[in-house]
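One structure below.
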Amino acid sequence: MQLDNLTALAAERNDQTILDLFGKDADRAGAFSASTGDLLFDYSKTQIDADIRDALIELCDAAGLAERREAMFSGAKINETEGRAVLHTALRNLDGGPVAVDGLDVMPEVLDTLQRMRVFAEEVRGGAIAGAGGSFTDVVNIGIGGSDLGPVMATHALSPYHDGPRLHYVSNVDGAHIADTLRQLDPTRTLVIVASKTFTTIETMTNARTARAWMVDGGGDPARQFAAVSSAVDKTEAFGIPEDRVFGFADWVGGRYSVWGPVGLPVMIAVGSNAFDAFLRGGQAMDVHFRAANWVENMPVMLALVGIWHRQVLGHTSRAVLPYDQRLLRLPAYFQQLEMESNGKSVAMDGSSLKMPSGPVVWGEPGTNGQHAFYQLIHQGTDVIPCEFMVAAEGHEPELAHHHRLLLANCLAQSEALMCGRSLDEARQRMADKGLQGDELERQARHRVFSGDRPSTTLIYPKLTPFVLGQIIALYEHRVFVEGVLLGINSFDQWGVELGKELATSLGPIVDGEESADEKDGSTAALVAYAMRHRD
Ligand code: F6P
56 MQLDNLTALA AERNDQTILD LFGKDADRAG AFSASTGDLL FDYSKTQIDA DIRDALIELC
116 DAAGLAERRE AMFSGAKINE TEGRAVLHTA LRNLDGGPVA VDGLDVMPEV LDTLQRMRVF
176 AEEVRGGAIA GAGGSFTDVV NIGIGGSDLG PVMATHALSP YHDGPRLHYV SNVDGAHIAD
236 TLRQLDPTRT LVIVASKTFT TIETMTNART ARAWMVDGGG DPARQFAAVS SAVDKTEAFG
296 IPEDRVFGFA DWVGGRYSVW GPVGLPVMIA VGSNAFDAFL RGGQAMDVHF RAANWVENMP
356 VMLALVGIWH RQVLGHTSRA VLPYDQRLLR LPAYFQQLEM ESNGKSVAMD GSSLKMPSGP
416 VVWGEPGTNG QHAFYQLIHQ GTDVIPCEFM VAAEGHEPEL AHHHRLLLAN CLAQSEALMC
476 GRSLDEARQR MADKGLQGDE LERQARHRVF SGDRPSTTLI YPKLTPFVLG QIIALYEHRV
536 FVEGVLLGIN SFDQWGVELG KELATSLGPI VDGEESADEK DGSTAALVAY AMRHRD
């Protein structure tokens, strides 16, 4: 990606503020936004002007984005370091026709598995599939990373539609997680879903064995009360899960892109198959838009280009995702995996070193809570942190519409405050109005200055329905894809997680006291020694 043009434009525009841009064109919100369906993405509160946007858009053609996009949708093996296709889009391709991998249409199997999920989920919900003690009151999903974050996020997001059994998620190998979860449950009326693409992940397999022992001890029946979600169906069988309780998916579904398929089974059990279908249709609608819209009208593309502008051109190291939607409380964590595991890489597809920064740190919390925690730094810290706000036009609680209006007002106030700021003169006037004078007025005023000109975007949607959630998740998936293509990296592998896993395996016997820590570095050995001294 050649950024010289953009870097030059950024330097030329150094003194041009976002407010200057609104001064020149009060209607720029219309021109610097993209919409699809009922979603509106407003990026007018950024320093991007028409020339900058043109230069950003040129990057798409230079990177062959259209060809890469079609390669993904049509099943080419674009995950080159693992030799795999990337086809999570096929999981939501409800009526989009055939998709071939190695010459074979994958859609019959996708739709067949989806239908099996629907039948299973509805039978669990209706009580036809039950545990040793009766119909299921609770479902525990055991998985981590992509086998956890997507369903957790979606379960919270869709809570107004949740009319199935209670759902719990266990991911951490910390025994506290499973102990605190199982303590409240009836082992004879709990369904355990073991979700692991590889079915080898040590955290998941350890938790799954603990859950099975708990169930047996408590009079439950693992043969009736366990199900598995995996692309390694041979391993699920070895674990003892009956074939009819196993929901498989192919290796062309990346873990962090897998919520659309069997990994979404707990969500389907919670909200029912119709609501889950609506979620899939939302994702499919975004796919159709992403494939058809020209670059400037293409929401995922523009979201990605705003990201490139802030990270690779201006050098901002992080971006905050700030949903003003309590039910999206796990969305920032979900996006952390989606974005950082996909684009946190310093080697290009061809093996050369990346010549620009990788993807940014992604973090956030729902508003308004974040306002009372870290927004201080966003407004007055020395680093600029581009903010991505999200908010619904209305909530799900008509009787609490006044809450929602307050929420919306807060969201809009934050992006306005970031852009407009407060000058030293305004701050002085405020202090003078309070009766301060002289040095004290000056000193106090300086603490109350907001530089302003801090960029943000806002994604606004009518209401957080299953369809809208599907649109939002697919929007961000495609944003990550576009950024990855422009960076020239492979967004679909995750070699960076391997070293830690290998070292944890070698440290296991050392921490167990079976092997010596002498071969380890001094710090690691000292920490092991401390842990050994301080345990029973
Ligand atoms: O550690 C990274 C990772 O491989 C993620 O990419 C994945 O989502 C997670 O582990 C869980 O993997 P699995 O579903 O195979 O248990």
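Heads up: the sequence shown begins at 56 in this note's numbering, then just goes up one per residue.
We treat Cβ as the ideally placed atom computed from N, Cα and C, and that holds for glycine.
Leaving out five residues on either side along the sequence, give the residues of the same chain with a beta carbon under 7 angstroms from the beta carbon of residue i.
{"i": "Ser408", "result": "Ser401 and Val402"}
{"i": "Ala330", "result": "Leu213, Tyr216 and Pro521"}
{"i": "Gly130", "result": "Ala140, Leu142, Val154, Ala155 and Val156"}
{"i": "Glu394", "result": "Gly414, Val417 and Val535"}
{"i": "Thr256", "result": "Ile199"}
Can you look up residue i in the DSSP assignment and give me helix, strand or coil?
{"i": "Met56", "result": "coil"}
{"i": "Ala472", "result": "helix"}
{"i": "Glu443", "result": "strand"}
{"i": "His223", "result": "strand"}
{"i": "Ile73", "result": "helix"}
{"i": "Pro189", "result": "It is worth fixing the name first, because residue 189 is Gly in this sequence and not Pro. Three-state DSSP puts Gly189 in a strand."}
{"i": "Asp488", "result": "helix"}
{"i": "Ile112", "result": "helix"}
{"i": "Ile296", "result": "coil"}
{"i": "Val194", "result": "strand"}
{"i": "Leu541", "result": "helix"}
{"i": "Phe429", "result": "coil"}
{"i": "Ala155", "result": "strand"}
{"i": "Val318", "result": "helix"}
{"i": "Ser478", "result": "coil"}
{"i": "Val402", "result": "strand"}
{"i": "Phe522", "result": "helix"}
{"i": "Ser408", "result": "strand"}
{"i": "Phe536", "result": "helix"}
What span of residues does the alpha helix (DSSP H) with residue i cover, start to end?
{"i": "Pro206", "result": "Leu204 to Ala212"}
{"i": "Ala584", "result": "Gly577 to Arg588"}
{"i": "Asp548", "result": "No alpha helix (DSSP H) holds Asp548; DSSP gives it neither H nor E."}
{"i": "Thr259", "result": "Ile257 to Asp272"}
{"i": "Asn134", "result": "Note, Asn134: premise wrong, no alpha helix (DSSP H); not H, not E."}
{"i": "Asn329", "result": "Ser328 to Ala347"}
{"i": "Gln170", "result": "Met162 to Gly181"}
{"i": "Ala388", "result": "Leu386 to Phe390"}
{"i": "Ile354", "result": "Per the sequence shown, residue 354 should be read as Met rather than Ile. From DSSP, the alpha helix (DSSP H) with Met354 extends over Met354 to Ile363."}
{"i": "Asp494", "result": "Gly493 to His502"}
{"i": "Thr236", "result": "Gly230 to Leu237"}
Could you pull out every residue in the same chain whose Cβ sits closer than 6 angstroms to the Cβ of residue i, ignoring the five residues on either side in sequence?
{"i": "Thr265", "result": "Ile233"}
{"i": "Ala118", "result": "Val540 and Leu541"}
{"i": "Ala359", "result": "Arg534, Val537 and Glu538"}
{"i": "Asp306", "result": "Arg139 and Ser286"}
{"i": "His344", "result": "Thr91"}
{"i": "Leu222", "result": "Val194, Thr210, Pro321 and Ala325"}
{"i": "Ala283", "result": "Val249, Thr291, Ile296 and Val301"}
Over the uninterrupted beta strand (DSSP E) stretch that includes residue i, give me the two end residues.
{"i": "Thr513", "result": "Ser511 to Tyr516"}
{"i": "Val376", "result": "Ser373 to Tyr379"}
{"i": "Ser88", "result": "Ser88 to Thr91"}
{"i": "Asp97", "result": "Leu94 to Asp97"}
{"i": "Thr245", "result": "Thr245 to Ala250"}
{"i": "Ala283", "result": "Phe281 to Ser285"}
{"i": "Phe302", "result": "Val301 to Gly303"}
{"i": "Val417", "result": "Val416 to Trp418"}
Measure the beta-carbon distance from residue i to residue j and round it to whole angstroms, keeping in mind my assumption that it falls under 8 angstroms.
{"i": "Ile324", "j": "Asn262", "result": "Rounded, the Cβ-Cβ distance is 19 angstroms, inconsistent with contact."}
{"i": "Val368", "j": "Leu61", "result": "5 angstroms"}
{"i": "Met445", "j": "Asp380", "result": "6 angstroms"}
{"i": "Thr192", "j": "Asp235", "result": "Incorrect: roughly 17 angstroms between the Cβ atoms, too far for contact."}
{"i": "Pro421", "j": "Leu384", "result": "5 angstroms"}
{"i": "Arg503", "j": "Arg485", "result": "7 angstroms"}
{"i": "Pro510", "j": "Gln71", "result": "Not a contact, Cβ separation roughly 13 angstroms."}
{"i": "Arg147", "j": "Gln339", "result": "5 angstroms"}
{"i": "Asp93", "j": "Tyr516", "result": "6 angstroms"}
{"i": "Lys518", "j": "Glu449", "result": "5 angstroms"}
Less than 8 angstroms between C-beta atoms, sequence neighbours within five positions excluded: which residues of the same chain meet that for residue i?
{"i": "Thr168", "result": "Phe302, Gly303, Phe304, Gly316 and Pro317"}
{"i": "His371", "result": "His365, Pro415, Asp438, Val439, Ile440 and Pro441"}
{"i": "Gly327", "result": "Ala176, Glu177, Arg180, Tyr216, Asp218 and Gly219"}
{"i": "Asp573", "result": "Ala580"}
{"i": "Leu74", "result": "Met474, Cys475, Gly507 and Asp508"}
{"i": "Ala584", "result": "Ala572"}
Does at least one heavy atom of the ligand NAD sit under 7 angstroms from the Cβ of residue i?
{"i": "Arg264", "result": "For the structure depicted, the ligand NAD is absent and the ligand set comprises only the ligand F6P."}
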